[in-house]
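In our numbering, the protein residues as written are 27 to 511.
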């Protein structure tokens with residue numbers, strides 16, 4: 027079946043990249059500073075960004091919401107008793123300001139004091155699915171074939187709510203799948219990976235301070251109140267510029283994934299991470315979730331982290347996300363042994379997660395590995411055009427070829443047999459990835475398929491020769507109409 031429209035004549039890739047670089051430099055050097063200068067909220071968000079290294083485990087009731095006074099909480103403290111707790115480890119909390127009232131005015135009887143506390147207290151972990159063993163309440167998980175900002179807009183402005191109702195609500199948080207080496211990756215050179223996409227349309231880039239880099243292996247940068255001032259379309263289009271009332275706020279966690287991990291598996295088998303790298307990937311994911319929980323995030327946009335030019339297998343990343351999100355990290359359901367709840371991370375407070383994966387084929391594969399039968403939703407607008415898609419495919423292949431050439435040169439200079447053998451294994455893995463990309467590209471061209479933009483999930487490889495080194499549902503709720511458990 028042929029195309030329904032004539033192919034658009036496109037300039038050569040280098041020319042298109044130079045044009046994007048020019049547009050991005052104008053936005054980064056002129057537009058964003060002007061916005062920050064006149065918007066105090068955006069300026070505070072930039073100034074108050076923080077680097078969080080290896081965050082501790084998320085605990086039940088530890089997050090503080092932002093919906094209003096009723097959601098701000100403080101722990102009840104009593105002289106000589108510390109924090110009060112209830113059975114199952116849930117901390118009893120009261121509305122902000124209640125603790126300040128203690129000791130003021132006339133002395134009240136113990137009975138009256140207890141009555142008032144009971145009337146105002148709430149549990150840090152609520153919901154019908156919340157058990158006293160420490161299980162998290164259900165999290166709705168969806169996979170949408172769209173870009174990160176479109177997914178964030180979907181969560182910020184649901185169809186059943188008006189923009190006016192969103193005022194004062196908790197920001198949607200997104201994962202910036204960042205370069206670990208430099209702020210914004212290749213945004214100033216016209217690259218189109220997810221991080222560059224974000225930095226050219228939001229006020230995120232100034233918050234990624236040079237002093238934070240190299241990013242930690244475990245952890246990331248949390249930026250609050252990032253202003254989205256452009257739509258997801260081309261940078262050269264004036265139609266994508268948001269007016270003051272169209273702009274909206276998001277929170278961002280910026281963290282880096284493994285680059286070109288050593289893969290296991292024969293040529294015709296599914297490529298998998300080795301155990302060490304798989305554990306590292308899971309630790310990175312847990313760190314992101316811990317940061318989100320500590321900041322009171324309720325709605326979160328994630329992605330196929332590292333599944334583009336960084337060479338992480340889609341299946342491994344999908345399974346890792348499923349394990350981190352949907353499986354208990356300690357103990358089993360029904361085990362009421364003392365101390366069991368202390369080992370369980372419940373991601374309390376998080377209500378909805380959307381995996382935004384712009385490439386339709388990648389989104390389908392991700393869904394298949396995350397859970398069989400899970401439906402991939404179509405975003406409210408098409409991901410990007412043919413130009414963006416072709417550019418991403420070409421760039422990913424070129425980066426793999428450059429890495430292969432670099433590795434071949436390094437192997438020729440190595441004398442240690444063991445080190446050379448390990449490098450040869452890595453080289454074969456890179457060649458296998460390149461072969462797979464070139465093969466899939468040929469098949470798509472022959473079938474005249476036009477999948478979505480790869481820019482949202484392709485990581486921009488930096489000029490750096492350093493090498494980086496089934497299941498319980500756990501209360502998760504997958505898809506709009508699908509329930510696990």
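The C-beta atom is built at its ideal place from N, Cα and C for all residues, glycine as well.
> What are the start and end residues of each continuous beta strand (DSSP E) run of 3 or more residues lying completely inside the segment 230 to 304, in chain order?
Replying inline: 245 to 254, 274 to 281
> Which word fits residue 328, buried or exposed, when buried means at least 16 other C-beta atoms lie within 10 angstroms of its C-beta?
Replying inline: buried
> Any idea what DSSP makes of residue 475, helix, strand or coil?
Replying inline: In this prediction, residue 475 scores a pLDDT of 36, lower than 50, which makes its location untrustworthy; the coordinate-derived value is nonetheless stated afterwards. If DSSP states are grouped into helix, strand and coil, residue 475 belongs with coil.
> If you draw a straight line from the alpha carbon of residue 204 to that of residue 247, how long is it in whole angstroms?
Replying inline: 10 Å
> In three-state DSSP terms, what is residue 308?
Replying inline: helix
> residue 325 bridges to which residues according to DSSP?
Replying inline: 378
>> Quick check on the DSSP output: the alpha helix (DSSP H) that includes residue 42 runs from which residue to which?
In response: 39 to 52
>> Which residue marks the beginning of the alpha helix (DSSP H) containing residue 69, and which one marks its end?
In response: 66 to 73
> Under the rule that 16 or more other beta-carbon atoms within 10 Å means buried, what is residue 63, buried or exposed?
Replying inline: exposed
>> For residue 461 and residue 54, what's the separation of their Cα atoms in angstroms?
In response: 37 Å
> Can you give the Cα-Cα distance for residue 164 and residue 379, rounded to whole angstroms?
Replying inline: 11 Å
> How is the beta strand (DSSP E) around residue 57 delimited, first residue to last?
Replying inline: Taken as a continuous stretch (DSSP letters only), residue 57 belongs to no beta strand (DSSP E), as it is neither H nor E.
>> With H, G and I counted as helix, E and B as strand and the rest as coil, what does DSSP make of residue 217?
In response: coil
> residue 458: which of 298, 242, 168, 223 sits nearest, CA to CA?
Replying inline: 298
>> Please determine whether the Cβ atom of residue 42 lies at a distance below 7 Å from any heavy atom of the ligand SAM.
In response: The model on display carries no ligand, and the ligand SAM is accordingly not part of it.
> Hey, residue 276 and residue 213: beta-carbon distance below 8 Å or not?
Replying inline: no
>> Pop quiz: residue 383 and residue 396 are said to be a contact at Cβ under 8 Å. What is the actual Cβ separation, rounded to whole angstroms?
In response: Actually they are not in contact, since the Cβ atoms of residue 383 and residue 396 sit about 11 Å apart, beyond 8 Å.
>> Suppose the cutoff is 8 Å on Cβ atoms and the five residues either side in sequence are ignored; what does the same chain contact list for residue 445 look like?
In response: none
> The alpha helix (DSSP H) with residue 346 in it runs from where to where?
Replying inline: 340 to 352
>> Starting from residue 77, trace the alpha helix (DSSP H) in both directions and tell me its first and last residue.
In response: No alpha helix (DSSP H) contains residue 77, which is instead part of the beta strand (DSSP E) from 76 to 79.
>> Measuring only the C-alpha atoms, how far is residue 282 from residue 173?
In response: 18 Å
> By Cβ distance, which residues of its chain are closer than 7 Å to residue 404, with the 5 residues on each side in sequence left out?
Replying inline: 171
> Can you tell which of 293, 389, 320 has the C-alpha that lies nearest to the C-alpha of residue 334?
Replying inline: 389
> Which one of 69, 218, 325, 304 has the shortest CA to CA distance from residue 344?
Replying inline: 304
> If we count Cβ pairs, one from each stretch, closer than 8 Å, do we get three or more for the segment 242 to 260 versus the segment 67 to 82?
Replying inline: yes
>> Excluding the 5 residues flanking residue 43 on each side, which residues of the same chain have their C-beta closer than 6 Å to its C-beta?
In response: 216
> So is residue 158 buried or exposed if we call it buried at 16+ other beta carbons inside 10 Å?
Replying inline: Residue confidence for residue 158 is low, a pLDDT of 33 falling below 50, so the modelled location carries little weight; the figure read from the coordinates is stated next. Per the 10 Å Cβ criterion, exposed.
> Residue range of the alpha helix (DSSP H) that residue 520 falls in?
Replying inline: Outside the displayed range of the chain (27 to 511) lies residue 520, so it cannot be described from this structure.
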